[in-house]
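Novice: Residue numbers (my numbering), protein chains in the order written: chain A, 1 to 222; chain B, 223 to 444.
The following block contains the structure:
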């Protein structure tokens, strides 16, 4: 009996393996390495690779877990707001912040089809808001995709240096140099570009819905 | 003498090491692995790591070489066009295509300051075109950054599946499902979103330059 206890003490502390722990470990591996393998995730959890298969359907299953985890980190509360433009901009700001914190997850999520139910629910709400804004149904997914592309690029840009361009000694680029000097001081380069692009898309959505609907136009311009 | 010749034949064929070959090897390593180390680049070239230092200033130097190589792959000819919007859209289409072909280079280039002379020259031309379009100097770099964020996100999106969203059995998302069904057939999802976003930015630039200048407004709208 003493021997059994000794062996127990020597074992790694046995915590229940579940999808949440697998998601956390996979995200940590991707943050470190830019990708993951199932053996790496298992090693981080101190379990055998085969044990993962009781909880997830291989690599594709772990990618969907990552999507679920990333989706949970995003603040979807703004999507319940009544003003479509505040709802979308609030949600997309959080979307950018989460990907900026986990930039190496981006290529994994953008190369596989979205099926995760909670993420689908957020897209459902985005579609409803865009249609409320007056976007034609056939244009909705194009606008969603264009905005997501912008947000993902903006998230990666948050990791960029504050001085993104520097005209080296002996290189002739006077207009670029002047434009760099003329940049507003204060809040960050990346945030300014993000807010500018976001407002560009929102203004375009307003404009799309304007022709032939004077009341909507007046409402948006007031 | 026979012995010397034998030893020569046994050596790896000695090609001259230069910056171009280092750039090519580094790009190949990054395409494969998502990152590079100097020893990996050296191994691919069949040289000692120390030899690289005769040509480049360490890791940062190789990153600038990668930027130069990526810049060379881009078609800058459209930038010499006389119409600012055709010039920018032509250049940015090529920009997207190059990053779509080398998506794993993106995080390396977006996290270091641009100093490479030929890349600086392309930015100089972009600045001139935006000012010709009527953009205020203080807004130029914000617009350049926002457009680049969009283009980089769009390049990553080219690697995404054509079916990006799928509402699974038992999940209730009727508006998303309808929007997915209503998407235009024909050319790809990713291309459509890219062109849409690009036109959104160009339209915004036209609009920025309009207030208080009726002749310019008329010209753009004609």
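Ideal placement from N, C-alpha and C gives every residue a C-beta, glycine not left out.
Out of A:192, A:74, A:41 and A:138, which has the shortest C-alpha to C-alpha gap to residue 59 (chain A)?
Specialist: As a first step, residue 59 (chain A) must be located in the first chain, where it is residue number 59. The residue with the shortest Cα to Cα distance from residue 59 (chain A) is A:41.
Novice: Assuming contact is defined by CB atoms lying nearer than 9 Å, are residue 289 (chain B) and residue 349 (chain B) in contact in what I supplied?
Specialist: Looking up residue 289 (chain B) in the second chain gives position 67. Looking up residue 349 (chain B) in the second chain gives position 127. Cβ atoms of residue 289 (chain B) and residue 349 (chain B): not closer than 9 Å.
Novice: Along chain B, in chain order, which residues have C-beta atoms closer than 7 Å to that of residue 167 (chain A)?
Specialist: Stepping through the first chain from its first residue, residue 167 (chain A) is reached at position 167. Near residue 167 (chain A) (Cβ distances below 7 Å), the residues of chain B are 342.
Novice: I'd like to know whether the C-beta of residue 92 (chain A) is nearer than 9 Å to at least one C-beta of chain B.
Specialist: Here residue 92 (chain A) refers to the residue found at position 92 of the first chain. No, residue 92 (chain A) does not count as interfacial toward chain B.
Novice: Between the Cα of residue 152 (chain A) and the Cα atoms of A:190, A:203 and A:178, which residue gives the shortest distance?
Specialist: To locate residue 152 (chain A), count along the first chain from 1; it is residue 152. Ranking A:190, A:203 and A:178 by Cα distance to residue 152 (chain A) puts A:190 first.
Novice: Across which residues does DSSP place residue 114 (chain A) in a beta bridge pair?
Specialist: Mapped onto the first chain, residue 114 (chain A) falls at position 114. The partner list for residue 114 (chain A) (beta bridge, DSSP) reads B:387.
Novice: What are the start and end residues of the alpha helix (DSSP H) that includes residue 242 (chain B)?
Specialist: Residue numbering aside, residue 242 (chain B) sits at position 20 when the second chain is read from its first letter. Counting along the chain, the alpha helix (DSSP H) containing residue 242 (chain B) begins and ends at 241–255.
Novice: Measure the beta-carbon distance from residue 388 (chain B) to residue 142 (chain A) and round it to whole angstroms, keeping in mind my assumption that it falls under 8 Å.
Specialist: Translated into positions along the second chain, residue 388 (chain B) becomes position 166. Translated into positions along the first chain, residue 142 (chain A) becomes position 142. 18 Å between Cβ atoms; not a contact.
Novice: Counting only beta-carbon atoms, is residue 117 (chain A) nearer than 9 Å to chain B?
Specialist: In the first chain, residue 117 (chain A) corresponds to position 117, counting from 1. Answer yes: the Cβ-Cβ gap between residue 117 (chain A) and chain B drops below 9 Å somewhere.
Novice: In this structure, does DSSP put residue 200 (chain A) in helix, strand or coil?
Specialist: Counting from 1 along the first chain, the entry for residue 200 (chain A) is found at position 200. The answer is helix: DSSP assigns residue 200 (chain A) an H, G or I state.
Novice: Do you know how far the Cα of residue 270 (chain B) is from the Cα of residue 155 (chain A)?
Specialist: Locating residue 155 (chain A) in the first chain gives position 155, where the first residue counts as 1. Locating residue 270 (chain B) in the second chain gives position 48, where the first residue counts as 1. Taking the straight line joining both Cα atoms gives about 37 Å.
Novice: Between which residues of its own chain and residue 204 (chain A) is the CB-CB distance below 6 Å, once the five residues before and five after are set aside?
Specialist: Counting from one through the first chain, the residue named residue 204 (chain A) turns up at place 204. So no residue of the chain qualifies.
Novice: List in chain order: all unbroken alpha helix (DSSP H) runs of 4+ residues lying wholly within the stretch 120–189 of chain A.
Specialist: 137–157 and 174–181
Novice: Cβ closer than 8 Å: which chain B residues qualify as neighbours of residue 123 (chain A)?
Specialist: By 1-based counting over the first chain, the position of residue 123 (chain A) is 123. Within chain B, the residues whose beta carbon sits less than 8 Å from that of residue 123 (chain A) are 387, 395 and 398, listed in sequence order.
Novice: According to the neighbour-count rule (16 or more other Cβ atoms, all chains shown, within 10 Å of its Cβ), is residue 251 (chain B) buried or exposed?
Specialist: Mapped onto the second chain, residue 251 (chain B) falls at position 29. Classification for residue 251 (chain B): buried.
Novice: Taking Cβ positions, are residue 122 (chain A) and residue 71 (chain A) nearer each other than 9 Å?
Specialist: Counting from 1 along the first chain, the entry for residue 122 (chain A) is found at position 122. Counting from 1 along the first chain, the entry for residue 71 (chain A) is found at position 71. Closer than 9 Å, so yes.
Novice: Inspect the beta-carbon positions of residue 372 (chain B) and residue 179 (chain A) and report whether they are closer than 9 Å.
Specialist: Position 150 of the second chain, counted from the start, is the residue given in the question as residue 372 (chain B). Position 179 of the first chain, counted from the start, is the residue given in the question as residue 179 (chain A). No, the pair does not count as a contact, with Cβ atoms beyond the cut-off.
Novice: Determine, using beta carbons only, whether residue 263 (chain B) comes closer than 9 Å to chain A.
Specialist: In the second chain, residue 263 (chain B) corresponds to position 41, counting from 1. Not an interface residue.
Novice: How many whole angstroms separate the CB atoms of residue 89 (chain A) and residue 198 (chain A), which I take to be in contact at a CB cut-off of 8 Å?
Specialist: On the first chain, position 89 is the one that residue 89 (chain A) refers to. On the first chain, position 198 is the one that residue 198 (chain A) refers to. Between residue 198 (chain A) and residue 89 (chain A) the Cβ distance is about 6 Å, and since that is below 8 Å, they are a contact.
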